[in-house]
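Visitor: Take this structure, written in structure tokens, and hold onto it; I'll ask about it next.
Protein chains: 2
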Amino acid sequence: MEEPQTDKTPDDAPTGGDGTSDGISGRDRMRAHIVEVAAGLLAAGGRDAVSTRAVATAAGTQAPTIYRLFGDKDGLLAAVLEYGFSTYLADKPPLDPTADPIMDLRAGWDLHIGFGLANPALFLLMYADTRPGRRPAAAEAGLAILRTRIRNIAAAGRLRVDEDLAAELVQAAGSGAVLALLAVPEDRRDPRLPDAMFDALITAIATDHETANGRAVVAVNQDLAAPANALRARLPELEMLTEGERHVLGEWLARITH
Amino acid sequence: MEEPQTDKTPDDAPTGGDGTSDGISGRDRMRAHIVEVAAGLLAAGGRDAVSTRAVATAAGTQAPTIYRLFGDKDGLLAAVLEYGFSTYLADKPPLDPTADPIMDLRAGWDLHIGFGLANPALFLLMYADTRPGRRPAAAEAGLAILRTRIRNIAAAGRLRVDEDLAAELVQAAGSGAVLALLAVPEDRRDPRLPDAMFDALITAIATDHETANGRAVVAVNQDLAAPANALRARLPELEMLTEGERHVLGEWLARITH
DNA sequence: AGATTAACGCTATCACTGTTAACACGACGA
DNA sequence: TCGTCGTGTTAACAGTGATAGCGTTAATCT
Numbered sequence: 001m002e003e004p005q006t007d008k009t010p011d012d013a014p015t016g017g018d019g020t021s022d023g024i025s026g027r028d029r030m031r032a033h034i035v036e037v038a039a040g041l042l043a044a045g046g047r048d049a050v051s052t053r054a055v056a057t058a059a060g061t062q063a064p065t066i067y068r069l070f071g072d073k074d075g076l077l078a079a080v081l082e083y084g085f086s087t088y089l090a091d092k093p094p095l096d097p098t099a100d101p102i103m104d105l106r107a108g109w110d111l112h113i114g115f116g117l118a119n120p121a122l123f124l125l126m127y128a129d130t131r132p133g134r135r136p137a138a139a140e141a142g143l144a145i146l147r148t149r150i151r152n153i154a155a156a157g158r159l160r161v162d163e164d165l166a167a168e169l170v171q172a173a174g175s176g177a178v179l180a181l182l183a184v185p186e187d188r189r190d191p192r193l194p195d196a197m198f199d200a201l202i203t204a205i206a207t208d209h210e211t212a213n214g215r216a217v218v219a220v221n222q223d224l225a226a227p228a229n230a231l232r233a234r235l236p237e238l239e240m241l242t243e244g245e246r247h248v249l250g251e252w253l254a255r256i257t258h
Numbered sequence: 001m002e003e004p005q006t007d008k009t010p011d012d013a014p015t016g017g018d019g020t021s022d023g024i025s026g027r028d029r030m031r032a033h034i035v036e037v038a039a040g041l042l043a044a045g046g047r048d049a050v051s052t053r054a055v056a057t058a059a060g061t062q063a064p065t066i067y068r069l070f071g072d073k074d075g076l077l078a079a080v081l082e083y084g085f086s087t088y089l090a091d092k093p094p095l096d097p098t099a100d101p102i103m104d105l106r107a108g109w110d111l112h113i114g115f116g117l118a119n120p121a122l123f124l125l126m127y128a129d130t131r132p133g134r135r136p137a138a139a140e141a142g143l144a145i146l147r148t149r150i151r152n153i154a155a156a157g158r159l160r161v162d163e164d165l166a167a168e169l170v171q172a173a174g175s176g177a178v179l180a181l182l183a184v185p186e187d188r189r190d191p192r193l194p195d196a197m198f199d200a201l202i203t204a205i206a207t208d209h210e211t212a213n214g215r216a217v218v219a220v221n222q223d224l225a226a227p228a229n230a231l232r233a234r235l236p237e238l239e240m241l242t243e244g245e246r247h248v249l250g251e252w253l254a255r256i257t258h
């Protein structure tokens with residue numbers, strides 16, 4: 001099991017060779033290495049798979065090293081969080097000053113949802129950690145990005161509520177949507193949920209594009225959906241229809257409401 | 001603090017005496033006792049405070065008893081969850097057939113938010129547990145209650161999206177709002193968040209009281225004819241159906257209204 | 001250059017966790 | 001009466017987070 005790695009492992013820790021004039025010492029490299037390994041374990045096996053010993057042996061070192069570098073297991077997890085979050089953000093264009101700030105917010109929304117679905121364990125660590133009253137630093141960073149996008153909407157004169165409330169609404173709805181999706185097996189998730197949630201939010205938070213004429217356009221579909229849903233809810237009561245007819249009617253009503 | 005309860009505790013476990021003919025053996029009583037103790041520990045010290053030994057000694061028994069009664073630590077936690085959730089629901093009027101089903105939904109919303117803020121650890125266990133793809137039974141029970149309320153709105157002809165999506169939206173937004181509140185120290189929480197979130201949702205999900213202006217709607221509870229008539233009046237617009245389907249649908253709607 | 005300080009890798013250990021095996025004792029049915 | 005069964009109890013196993021102390025090695029200071 002535990003082969004003695006007391007030999008040199010020359011490829012792993014050449015700190016003695018280049019440490020003198022190299023500003024970036026081996027410490028930072030080891031730190032980054034441990035973080036990457038821990039992120040891999042987290043993504044592979046969930047939160048329980050990340051133990052100090054597992055991380056240490058997978059990184060080719062020992063548990064106390066983790067404590068020297070990160071102080072705490074929470075410190076390690078925080079580093080993993082920051083690493084995973086920043087690397088995910090690095091792939092995507094961080095900001096594009098499009099004309100429409102609401103489109104920017106939507107892009108950020110989609111990005112966030114995608115991040116949560118792609119990294120469930122990381123996302124749960126960020127937004128569903130058990131400590132009440134505190135939020136990890138990475139979550140604060142994400143919230144800061146969100147706030148700037150909200151501010152852009154406000155600067156365009158299209159925010160109906162104050163910025164703080166808007167940011168909290170979007171943040172809460174986003175994490176809630178991801179959590180709801182994650183809580184359900186992958187093949188039973190409703191892909192409409194994130195978009196529907198965002199539409200609901202943006203209607204409540206921002207003024208319409210067209211602005212102008214008071215109320216809004218209101219899709220024709222929605223007027224049709226209400227009575228269709230009403231019938232669908234009471235399908236079993238329709239005794240004037242046969243069972244087969246009710247079944248077919250249910251399918252049609254579903255098609256109308258979707 | 002922890003007085004040794006290793007003495008007889010004669011009122012607690014008279015299993016030997018009445019176990020024979022008493023249908024409700026001391027086993028169930030011990031089970032309930034352990035669940036209550038565990039719930040107390042959970043509420044007091046969070047999830048980490050609930051260890052098998054801590055629960056056992058606080059309940060005046062030993063750790064193996066837990067495994068005999070609950071099989072697993074997850075079993076114990078599930079029992080605690082069900083206990084806490086049901087006792088919270090028991091305090092409140094479970095359903096009141098008010099005239100307005102949206103008011104009912106709002107009442108359920110407030111109840112849920114209040115539950116989350118009053119029992120953070122329990123709520124986190126229900127909606128933020130780390131297992132992806134599975135939801136605890138208590139969460140499913142809460143979702144079932146939500147679904148019936150959504151169904152009442154649909155039956156009143158005031159639901160603009162299908163019931164499944166509406167239920168998921170409300171569920172996700174509710175847990176997200178509670179999580180966002182819990183993640184912030186108590187004195188820095190924005191008390192407007194739950195109401196604002198609900199308003200945003202209800203606007204997206206349900207039609208206004210007035211709506212009205214055109215044809216549709218609205219319907220008192222029992223009237224099946226109103227939604228059927230609304231659909232019938234706009235039959236030609238149903239482009240998601242074929243012409244033949246529209247024809248048959250028209251006949252059925254006629255049968256419903258007669 | 002030589003001495004000192006700081007960091008490192010490593011082993012061993014502590015208190016605690018979930019979980020299980022094994023034993024002791026009382027009550028029940030055969 | 002014996003044997004089985006459920007229960008209470010102890011002890012143990014494999015891991016967990018975290019720390020102390022060891023020898024050694026690198027960097028820094030005088």
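Residue numbers (UniProt numbering), protein chains in the order written: chain A, 1 to 258; chain B, 1 to 258. Every residue, glycine too, gets a C-beta built ideally from N, C-alpha and C.
Report all residues from its chain with a CB closer than 6 Å to the CB of Glu82 (chain A); omit the five preceding and five following residues, and keep chain order.
Guide: Cβ neighbours of Glu82 (chain A) beyond the five flanking positions: Ala138.
Visitor: Counting pairs of Cβ atoms below 8 Å between the stretch 124-132 of chain A and the stretch 53-63 of chain A, do you hit three or more?
Guide: No: fewer than three Cβ pairs fall under 8 Å.
Visitor: At the 8 Å Cβ level, is Val161 (chain B) part of the contact set with chain A, yes or no?
Guide: It does; some Cβ of chain A falls within 8 Å.
Visitor: Just how far apart, CA to CA, sit Gly176 (chain A) and Phe115 (chain B)?
Guide: Computed Cα separation, rounded: 16 Å.
Visitor: So, does the CB of Trp109 (chain A) fall closer than 8 Å to a CB anywhere in chain B?
Guide: For Trp109 (chain A), the answer is no, since every Cβ of chain B falls outside 8 Å of its Cβ.
Visitor: What is the rounded straight-line gap between the Cα of Trp109 (chain B) and the Cα of Pro191 (chain B)?
Guide: Spanning the two alpha carbons is a distance of roughly 14 Å.
Visitor: Spatial neighbours of Ala58 (chain A) within its chain, please: CB distance less than 7 Å, with the 5 preceding and 5 following residues excluded, ordered by chain position.
Guide: Closer than 7 Å at Cβ, skipping near neighbours: Val37 and Leu41.
Visitor: Is Gln171 (chain A) close to chain B? Criterion is C-beta to C-beta, closer than 8 Å.
Guide: Yes, Gln171 (chain A) lies at the interface with chain B (some Cβ there is under 8 Å from its Cβ).
Visitor: In angstroms with no decimal places, state the Cα-to-Cα distance between Gln171 (chain A) and Glu239 (chain A).
Guide: Each residue's Cα considered, the two are about 46 Å apart.
Visitor: Taking just the CA atoms, how far does Glu237 (chain B) sit from His112 (chain B)?
Guide: Rounded to the nearest angstrom, the two C-alpha atoms are 39 Å apart.
Visitor: Using the Cα positions of Asp164 (chain A) and Lys92 (chain B), report the straight-line distance between them to the nearest angstrom.
Guide: Those two C-alpha atoms are separated by around 32 Å.
Visitor: Thinking C-alpha only, which one of B:Ala99, B:Gly75, B:Leu117 and B:Pro101 is nearest Tyr88 (chain B)?
Guide: Tyr88 (chain B) has its Cα closest to that of B:Leu117, out of B:Ala99, B:Gly75, B:Leu117 and B:Pro101.
Visitor: By the criterion of Cβ-Cβ separation under 8 Å, what are the contact partners of Leu182 (chain A) in chain B?
Guide: What Leu182 (chain A) touches in chain B: Pro132 and Gly133.
Visitor: Would DSSP call Leu105 (chain B) helix, strand or coil?
Guide: Of the three classes helix, strand and coil, the one that applies to Leu105 (chain B) here is helix, per DSSP.
Visitor: So Leu179 (chain A) is in the alpha helix (DSSP H); what residue range does that whole segment cover?
Guide: Leu179 (chain A) -> alpha helix (DSSP H) spans Glu163 to Leu182.
Visitor: Kindly list the residues whose CB is nearer than 7 Å to the CB of Ala206 (chain B), restricted to its own chain and excluding five residues on each side of it in sequence; keep chain order.
Guide: Ile102, Ile153, Arg158, Leu159 and Arg160, listed in sequence order.
Visitor: Hey, out of B:Ala155, B:Ala254 and B:Arg232, whose CA is closest to Ala99 (chain B)'s CA?
Guide: Here the closest residue by C-alpha is B:Ala155.
Visitor: Along the alpha helix (DSSP H) that carries Lys73 (chain A), what are the first and last residues, could you check?
Guide: Where Lys73 (chain A) is concerned, the enclosing alpha helix (DSSP H) stretches over Lys73 to Asp91.
Visitor: Would you verify that the beta carbon of Leu231 (chain B) is, or is not, closer than 8 Å to some beta carbon of chain A?
Guide: Judged by the 8 Å Cβ criterion, Leu231 (chain B) is in contact with chain A.
Visitor: Looking at the C-beta of Ala212 (chain A), does it have a partner C-beta in chain B at a distance below 8 Å?
Guide: For Ala212 (chain A), the predicted model reports a pLDDT of 34, less than 50, meaning its position is unreliable; a value from the coordinates is still stated below. Cβ-Cβ to chain B under 8 Å: no for Ala212 (chain A).
Visitor: For Leu253 (chain B), count neighbouring Cβ atoms within 10 angstroms of its own Cβ and tell me buried if that reaches 16, exposed if not.
Guide: It is buried - the Cβ of Leu253 (chain B) has at least 16 other Cβ atoms within 10 Å.
Visitor: Leaving aside the five residues before and after Leu105 (chain B) along the sequence, list all residues of the same chain whose C-beta is less than 6 Å from its C-beta, in chain order.
Guide: So the qualifying residues of the chain are Arg149.
Visitor: Determine whether the beta carbon atoms of Leu193 (chain B) and Ala196 (chain A) lie at a separation below 8 Å.
Guide: In this structure, Ala196 (chain A) does not lie closer than 8 Å to Leu193 (chain B) by Cβ.
Visitor: Find the residues of chain B that neighbour Thr203 (chain A), judging by a C-beta separation of less than 9 Å, and give them in chain order.
Guide: Ordered by position in chain B, the residues that pass the 9 Å Cβ test against Thr203 (chain A) are Ala200, Thr203 and Ala204.
Visitor: Could you please give me the residues that DSSP links to Leu159 (chain A) through a beta bridge?
Guide: According to DSSP, which records beta bridges pairwise, Leu159 (chain A) is partnered with A:Ala206.
Visitor: What's the C-alpha gap between Gly142 (chain B) and Ser86 (chain B)?
Guide: The alpha-carbon atoms of Gly142 (chain B) and Ser86 (chain B) are separated by roughly 10 Å.
Visitor: Can you tell me whether Asn213 (chain A) is buried or exposed, with buried defined as 16 or more other CB within 10 angstroms of its CB?
Guide: With a pLDDT of 36 at Asn213 (chain A), under the threshold of 50, the modelled position of that residue is not reliable, and the figure given next carries that caveat. Result: exposed.
Visitor: Given a limit of 7 Å on CB to CB distance, which residues of the stretch 111-130 of chain A reach chain B?
Guide: Of all residues in the stretch 111-130 of chain A, Pro120, Leu124, Tyr127, Ala128 and Thr130 have a Cβ within less than 7 Å of some Cβ in chain B.
Visitor: Asp199 (chain A) by DSSP, collapsed to three states: which one?
Guide: Three-state result, Asp199 (chain A): helix.
Visitor: Between Leu69 (chain B) and Arg31 (chain B), is the Cβ-Cβ spacing less than 8 Å?
Guide: Closer than 8 Å, so yes.
Visitor: Which residues, taken in chain order from the stretch 239-256 of chain B, show a beta carbon closer than 7 Å to some beta carbon of chain A?
Guide: So the list reads Met240, Leu241, Glu245, Leu249, Trp252, Arg255 and Ile256, given in the order they occur along the chain.
Visitor: Output the distance between the C-alpha atoms of Ile34 (chain A) and Glu186 (chain A), rounded to the nearest integer angstrom.
Guide: One C-alpha to the other measures close to 30 Å.
Visitor: Residue range of the alpha helix (DSSP H) that Met240 (chain A) falls in?
Guide: No alpha helix (DSSP H) contains Met240 (chain A), which DSSP labels as neither H nor E.
Visitor: Just verifying my parser: in three-state terms, what is the DSSP assignment at Asp11 (chain A)?
Guide: Its pLDDT being 35, under 50, Asp11 (chain A) is placed unreliably in this model, and the value from its coordinates should be taken loosely. In this structure, Asp11 (chain A) counts as coil in the three-state DSSP scheme.
Visitor: In or out: Asp208 (chain B) buried (at least 16 other Cβ within 10 Å) or exposed?
Guide: With fewer than 16 Cβ atoms within 10 Å of its Cβ, Asp208 (chain B) is classed as exposed.
Visitor: Could you tell me the distance, in whole angstroms, from the CA atom of Leu124 (chain B) to the CA atom of Leu77 (chain A)?
Guide: One C-alpha to the other measures close to 19 Å.
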